[in-house]
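Student:
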Amino acid sequence: SSFRSRDAEPLTEVRAFVDRLDELPLQTEMPDKLPSHLRRLCEVPLLSAEEERVLFRRMNYLKYHANLIRVRLREGAVRREDLDTIESLLQAADQIRNRIVRANMRLVMSIVKHYITDSMAFDDLLSEGAAALLRAAEKFDFGRGFRFSTYVTKVVRREVFRLVMAS
Numbered sequence: 006s007s008f009r010s011r012d013a014e015p016l017t018e019v020r021a022f023v024d025r026l027d028e029l030p031l032q033t034e035m036p037d038k039l040p041s042h043l044r045r046l047c048e049v050p051l052l053s054a055e056e057e058r059v060l061f062r063r064m065n066y067l068k069y070h071a072n073l074i075r076v077r078l079r080e081g082a083v084r085r086e087d088l089d090t091i092e093s094l095l096q097a098a099d100q101i102r103n104r105i106v107r108a109n110m111r112l113v114m115s116i117v118k119h120y121i122t123d124s125m126a127f128d129d130l131l132s133e134g135a136a137a138l139l140r141a142a143e144k145f146d147f148g149r150g151f152r153f154s155t156y157v158t159k160v161v162r163r164e165v166f167r168l169v170m171a172s
């Protein structure tokens, strides 16, 4: 269904969902041998296919509404309330994106560990992988029916491989 249709989820419900994101449970079982800074990256549980779909749909829905207001601003006078609403919608979309990113950091860690070389440290590769993950979360089209993890695996591998080859 389209964001414009009558059966679209009300914006108030999407905002309430975003407010509850921090209440979702954290991962309790984690590898023992990880340093504490890496263990924190694994705290958010993996997402199911349905959870991914819901999160991406809601993130895009918030961006869509922010863009509707932006378009209206071009046509008329700029009101402070509209700017505040746009900012609020985009912050909520960022919260959802961050949840998606945090849930996929373990995947990035598992990919980059295979590319460690004498000239490429794990932390450098992880940094590049995390940046690729963020870009991928912004570009991903859940409507194509693929899992985000499938898409991000290809993106992270490509970016990390480029980094290793350039070193």
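Going by our numbering, the first residue of the sequence shown is number 6, and it counts up by one from there.
Cβ coordinates follow ideal geometry from the N, Cα and C atoms, glycine included.
Could you work out which residue in Ala-108, Arg-77, Ser-115 and Ser-124 is closest to Leu-171 when comparing CA atoms only?
Tutor: Contrary to the premise, residue 171 reads as Ala rather than Leu in this sequence. Nearest option by C-alpha distance: Ser-124.
Student: When the distance is taken between beta carbons, is Phe-145 closer than 8 Å to Phe-61?
Tutor: Yes; because the gap between Cβ atoms is below 8 Å, this pair is in contact.
Student: Can you tell me the Cβ-Cβ gap for Val-49 and Ile-116, rounded? I've got them flagged as a contact below 8 Å.
Tutor: Actually they are not in contact, since the Cβ atoms of Val-49 and Ile-116 sit about 17 Å apart, beyond 8 Å.
Student: Between the C-alpha atoms of Arg-102 and Tyr-156, what's the straight-line distance to the nearest angstrom?
Tutor: For Arg-102 and Tyr-156, the distance between alpha carbons rounds to 15 Å.
Student: I need the DSSP call for Thr-158, collapsed to helix, strand or coil.
Tutor: In the structure shown, Thr-158 sits in a helix (DSSP, three-state: H, G or I).
Student: Please classify Gly-148: does DSSP put it in a helix, a strand, or coil?
Tutor: Helix, per DSSP.
Student: By the three-class DSSP mapping on this structure, what secondary structure does Asp-123 have?
Tutor: Correct three-state label for Asp-123: coil.
Student: From this set, Arg-77, Glu-57, His-70 and Leu-78, which residue's C-alpha is nearest Asp-97's C-alpha?
Tutor: With the sequence shown as reference, residue 97 is identified as Ala, and Asp is not the correct amino acid for it. When each option's Cα is compared against that of Ala-97, the closest is His-70.
Student: What's the call for Arg-149, buried or exposed, on a 16-neighbour Cβ count within 10 Å?
Tutor: Exposed, by the Cβ-count rule.
Student: Is it true that the CB of Arg-104 sits closer than 8 Å to the CB of Leu-26?
Tutor: Yes, they are a contact pair.
Student: Excluding the 5 residues flanking Leu-95 on each side, which residues of the same chain have their C-beta closer than 8 Å to its C-beta?
Tutor: These residues qualify, in order along the chain: Leu-67, Lys-68 and Ala-71.
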